[in-house]
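Numbering (the working numbering), first residue to last: 1425 to 1551.
Right under this line is the structure:
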């Protein structure tokens, strides 16, 4: 999917850098949340599972394209991040058996606040 995206667009070098940056930053963020006990995965290891790393890469492909409308005004990205971020993690928990170490409601609240800022930051990175 990522290869098709890079072949399809004309700015493949720029999008490639964005995909790499978002993937690294997202992996670091989710690994920190795992280390803090927010997420508990069945897969052993210090890093997040590979499937979650790939989701960060796929999210990066949308920032300059199908989600570009959500970048401005900045508060639109914050609202979408606050709603969509936690819902994505909840869906992942149901599909992949991820447990929330602090319970559902506190985790969703923290993720909403975090993703309000993260999504604004990702859009700034995509400019």
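Where is the CB? At the ideal position from N, CA and C, for every residue including glycine.
- About 5 angstroms separates the beta carbons of residue 1544 and residue 1501, which is inside the 8 angstroms limit, making them a contact pair.
- Taking C-beta separations shorter than 6 angstroms and ignoring five residues to either side along the sequence, the partners of residue 1463 in its chain run 1457, 1522, following chain order.
- A direct Cα-Cα distance of roughly 20 angstroms separates residue 1508 from residue 1448.
- Here the C-alpha atom of residue 1549 lies approximately 22 angstroms from the C-alpha atom of residue 1472.
- For residue 1484, same chain residues with a beta-carbon under 6 angstroms away, outside a window of 5 residues either side, are 1442, 1443, 1446 in chain order.
- Separation of residue 1492 and residue 1452 (C-alpha to C-alpha, rounded to the nearest whole angstrom) is 24 angstroms.
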